[in-house]
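Peer 1: A single structure is presented below for examination.
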Amino acid sequence: MKRRKRTEILIQGDGRLAKNLAAGIAEKYECREITAPEQGMVMVKMRESAKNSLFYIGEVLITVVKVEVAGKIGTGLLVGMDEQRAMHLAIIDAAYKAQLPETAEWEPQLLEEEQQISIAKAQQQAELFETKVSFETMEV
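Numbering (this note's numbering), first residue to last: 1 to 140.
Now the structure itself:
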């Protein structure tokens, strides 16, 4: 599984999976904090479709942290103020970079979490469609 997809699953999920995976690594390996969790702002780029040009739509608050596990540096970066989840993401990222044996067992759990996220999104979409007004049936 690619890093981007894995990170999206861990961020969009409920957080327990990231916490459990990171805890398993922290129990067996030394996790050294390189950069403490800190908040910052980043500019968000958008592409304007008519002219196909880039522009900055605004700023967003992020939390970023770096850790070292088994000689590899992992980064945890997410939108908002969630230092614990950023730390979990950094530990998981470092574990994948170090190719630790535990990471081979994580893919089924990540795929299951992705399925749960899809179900929750579909349910939320269905709830939104229930509130949709049909103007075609309204009398004039």
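Note that beta-carbon positions come from the ideal geometry of N, C-alpha and C, so glycine has one too.
To the nearest angstrom, report how far apart Gln123 and Phe129 are at their CA atoms.
Peer 2: 10 angstroms
Peer 1: Under 8 angstroms Cβ to Cβ from Glu48, same chain only, skipping five residues before and after it: list those, please.
Peer 2: So the list reads Leu54, Phe55, once near-sequence residues are dropped.
Peer 1: To which residues of the same chain is Ile9 closer than 6 angstroms at the C-beta, ignoring the five residues directly before and after it?
Peer 2: Cβ neighbours of Ile9 beyond the five flanking positions: Leu110, Glu113, Glu114.
Peer 1: Ignore the nearest five residues each way along the sequence and tell me which others in Gly80's own chain have a CB closer than 8 angstroms to its CB.
Peer 2: Cβ contact annotation for Gly80 (same chain, cutoff 8 angstroms, sequence separation greater than five): Leu61, Ile62, Thr63, in chain order.
Peer 1: At the level of alpha carbons, what is the spacing between Val69 and Gln116?
Peer 2: 29 angstroms
Peer 1: How many angstroms separate the CA atom of Tyr96 from the CA atom of Gly24?
Peer 2: 13 angstroms
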